[in-house]
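What follows is a short report on a single structure.
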Amino acid sequence: MNRITRGEGMKSKRLQLVFSSLSLTLLACLGVGCSNGELFEDQATGQAIDKTSMDSPPAKIHIQFAQWSVPSTKFIEEAITRFNENNNSNIQIDFLNIPLDRYIETLNKLNASGSGPDVFELPREWLNSYITKEWVSDLSSSISPAFISSFPDWAVNSSKELIDSQGRIYSLPSNQITYRLIYNKDLFRESGLDPDSPPRTFSELVKAAQLISSNEIGRSKYGIAMPMGEEWMDFVQPMEAINGYSGVHFYDFKSGKYDLTVYKPWLKTIKELNENGGVFPGMENMKSSQAMAQFADGNIGMMIASSWQASLLFDQFSPKNDWGIALPPAIDNARVGKGAIKVDTAGWNVVNSGTPYPKEAAKVWEFLYSDEYIGPLFAHSSMIPIMNSQANDLAKPTATSRFREFLPGSNDSVYPDTPLILEEWSRKKIYREAVAGNQDDPSLLEESSRLNTLLDVAVTSMTIDINHYYFPGFNPLKPMDHK
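Throughout the sequence shown, residue numbering follows the numbering used here, covering 20 to 502 in sequence.
See below:
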């Protein structure tokens, strides 16, 4: 908007200069004399200048798009550049790349001050808050039925079940995140471990990590890396996802109650690994990119890696060792494969309700779901699409065949939404405290009780319909087949 205003101001100044020039010419003619031809010639010159100004291309409408820093940033920038060069709507996308660890804080401040970006991505957990604050636009009227039909039913239903949405659509997910165990086969061999038999349980994971670290003393190589520099995406989401493989989840859909204590075995495992030297040092502040670089250099035996983290291995950090990809470990042998590994969703893009260009912002929003945007990201093993037509491409060879092992299969599934969403956000602090302290202290139980009390109040006040989140016949192997 400022750019257009400046453009109009410049045009006005140019017109003033033209008229000033004509006035000076007229005064000169009156003073010293000149022919009518000379006067009309100057007038024609002024008209030509004015016409040139009027025929110049209109100023670009700038739409700012914000996203947190991800490994695929350079492919995103390339896609945006192509859009800027080829779109017929005179739109210029200005990409705002915000560091992951400061993304929500920065976005909250920008929107609270009324200067938020026109289009931006949100974590699923924050959508309800932004809807309640009326910071995001209802896109229902601008989305065609054909566009909606290109998404799987669960994705559309998930967007419509947002609190306060009343069936309106504010966002849709565009990609999915899966989780696997990646491991260094060379370090397995050197430590006497079978490179074709990665750990299947938490106890096997601990033994393997200890063995690798002990065997590699003096070589700065460690059994496992557990980056926690970004608590949510590096620690909380992976933990909850892989524990789904054991059939547990922090919200019990069968009882309609919260129970964070189901993660005690994994939290104890992390603490044990950290205390016995099996973990690469500095896990509390380690970033994903740092861990992936160390893994690629052959200094790490194992990692729980998300598909977006692993994309670094197919682009920035090419492993120098023989490495494998496997399903994550379970709590114990009895619980191997008792549930689906949770698939997280991402790419929940929204349009700012305060944008001065709602139509143009909506066009940019739709572009973020297009083949032109998502196709190159998938082709470079940077993301896994959700839309039906794009997901069909999963059956085709990808640029990096190893990435296929991260594609969702029979052991993976999206899970139903949980009822309290943002109120659940504080659980990351409880998990972190449990890792640092004693997992048997009451904090996990107390947080579960707090959430259940909030849920009871919401159900009693009828702000939440528990029937949307209570499934007595819930099957953790098929989480979405609950209706």
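For glycine and all other residues, C-beta sits at the position ideal for the given N, C-alpha and C.
Check, Outcome
"Helix, strand or coil at Val51 according to DSSP, with G and I counted as helix", "In this prediction, Val51 has a pLDDT of 37, which is less than 50 and means its spatial position is unreliable; nothing more can be read from the coordinates."
"Beta-bridge partners of Lys14, as assigned by DSSP", "In the structure displayed, the chain extends from 20 to 502; residue 14 sits before or after that span and is not available."
"Proximity below 8 Å, CB of Gly242 to CB of Met302", "no"
"Host beta strand (DSSP E) of Gly242 (start-end)", "241-244"
"Reference Lys382; option with closest CA among Phe94, Ile99, Asp172, Gly133", "Ile99"
"Straight-line gap, Ile236 to Leu292 (C-alpha atoms, nearest Å)", "16 Å"
"Proximity of Gln256 and Val362 at Cβ, strictly below 8 Å", "no"
"C-beta contact flag for Tyr264 and Ile360 at 8 Å", "yes"
"Span of the beta strand (DSSP E), counted from its first residue to its last, around Leu141", "138-141"
"Burial state of Ser504, where buried means 16 or more other Cβ atoms lie within 10 Å", "Nothing in the structure corresponds to residue 504, since the chain is present only between 20 and 502."
"For Lys276 and Pro495, the rounded distance between their alpha carbons", "15 Å"
"CA-to-CA distance, Pro404 to Lys497, given in whole angstroms", "20 Å"
"Residue span of the alpha helix (DSSP H) that contains Tyr198, given as start and end", "That residue, Tyr198, is in no alpha helix (DSSP H); its beta strand (DSSP E) goes 198-203."
"Exposure of Val476, with buried meaning 16 or more beta-carbon neighbours within 10 Å", "exposed"
"For Ile319, the nearest candidate out of Ala453, Ser177, Ile231, Leu474 (CA to CA)", "Ile231"
"Val225 versus His501 - alpha carbon distance", "35 Å"
"N-terminal and C-terminal residue of the alpha helix (DSSP H) that Ile344 is part of", "That residue, Ile344, is in no alpha helix (DSSP H); its beta strand (DSSP E) goes 342-345."
"Lys152 (DSSP reduced to helix, strand or coil)", "coil"
"Close-in-space but distant-in-sequence residues of the same chain around Asn109 (CB under 7 Å, 5 per side omitted)", "Pro77, Lys79, Ile80"
"Asp213, DSSP secondary structure in three states", "coil"
"Contact check, Asp351 vs Thr220, beta carbons under 8 Å", "yes"
"Residue range of the beta strand (DSSP E) that includes Gly320", "319-325"
"Rounded Cβ spacing between Arg199 and Pro347 (contact assumed at less than 8 Å)", "6 Å"
"Separation of Met252 from Arg187, as counted between CA atoms", "28 Å"
"Under 8 Å between C-beta atoms of Met311 and Leu332", "yes"
"Cβ-based neighbour list, Met247, same chain, cut-off 7 Å, excluding 5 preceding and 5 following", "Asp253, Phe254, Met302, Glu303, Met305"
"Exposure label - Tyr388; buried when at least 16 CB within 10 Å", "buried"
"Phe269, DSSP secondary structure in three states", "coil"
"CA-to-CA distance, Phe102 to Tyr376, given in whole angstroms", "17 Å"
"Three-state secondary structure assigned by DSSP to Gln195", "strand"
"Environment of Ala353 [buried if 16+ CB atoms lie within 10 Å]", "exposed"
"N-terminal and C-terminal residue of the alpha helix (DSSP H) that Trp285 is part of", "283-294"
"Stretch pair the stretch 155-174 + the stretch 106-123: three plus CB contacts closer than 8 Å", "no"
"Ala78 in three-state terms, based on DSSP", "coil"
"Chain-order list of residues whose beta-carbon lies under 7 Å from that of Glu153 (same chain, five-residue window excluded)", "Ser372"
"Pro214 and Phe207 closer than 8 Å at C-beta", "yes"
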